[in-house]
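Below is one structure, written out as C-alpha cells; comments come after it.
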Amino acid sequence: MGQEISVSYQAVKSKVYRLIDSLVEDAKNTGDVQESMKRWWKLIHPADRPIARKHLLSVLAKSNATLEAICDGLTDMKDFELHQMPSESLPRLHSMPDPSVQRMKASL
23 MGQEISVSYQ
33 AVKSKVYRLI
43 DSLVEDAKNT
53 GDVQESMKRW
63 WKLIHPADRP
73 IARKHLLSVL
83 AKSNATLEAI
93 CDGLTDMKDF
103 ELHQMPSESL
113 PRLHSMPDPS
123 VQRMKASL
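Per the numbering used here, residue 23 is the first one in the sequence shown, and the count goes up by one each step.
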C-alpha cells in the first residue's frame with residue numbers, strides 16, 4: 023500500500039517552504055528541488071491532485087508576490103545598494119499565473 027500524502031493547504035505550504043529554506047541554506051540546488059517536487063507529486067493520489075494543484079499554485083503565487091515585494095522594497099531604499107550583489111548570480115523571479123485566470127497543466 024502506498025504512502026498517504028496530505029494535500030491540505032498547510033501541508034502544501036510546509037512542503038514549499040521547506041524546499042525554499044533548503045535552497046536558501048544551500049542544502050539543495052534547483053535540480054534537487056525539482057526532483058523533490060516530482061517525487062512528491064507522484065506520491066499524491068490522482069484523485070487528490072486537483073486540490074493539491076490548487077493549493078500549490080496558491081502558495082507559489084503568494085510566495086512569489088512576497089519575494090517581489092521584498093525586492094521592490096529594497097530597491098526603494100536609498101541606503102541599500104543592490105549593485106553590491108552580482109545580479110548574474112541571482113536567479114530571476116518569474117511570476118506565477120493566477121490559477122483562476124489561466125489553467126496550468128500540472129505535470130510535475
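Quick reminder that beta carbons are idealized off the backbone N, C-alpha and C, glycines included.
Predicted, not measured: the structure shown is a model, and the values here were computed from it.
Residue i and residue j closer than 7 Å at C-beta
i	j	result
aspartate 54	valine 29	no
leucine 65	glutamine 25	yes
histidine 77	valine 46	no
serine 44	lysine 37	no
Backbone CA spacing between residue i and residue j [nearest angstrom]
i	j	result
methionine 59	histidine 67	14 Å
valine 81	glutamine 56	16 Å
alanine 83	isoleucine 73	15 Å
tryptophan 62	threonine 97	36 Å
threonine 52	isoleucine 27	23 Å
Residue i (DSSP reduced to helix, strand or coil)
i	result
methionine 59	helix
isoleucine 42	helix
lysine 64	helix
glutamine 25	coil
Nearest to residue i (by Cα), restricted to the options the options
i	options	result
isoleucine 42	Gly95, Leu89 and Thr97	Leu89
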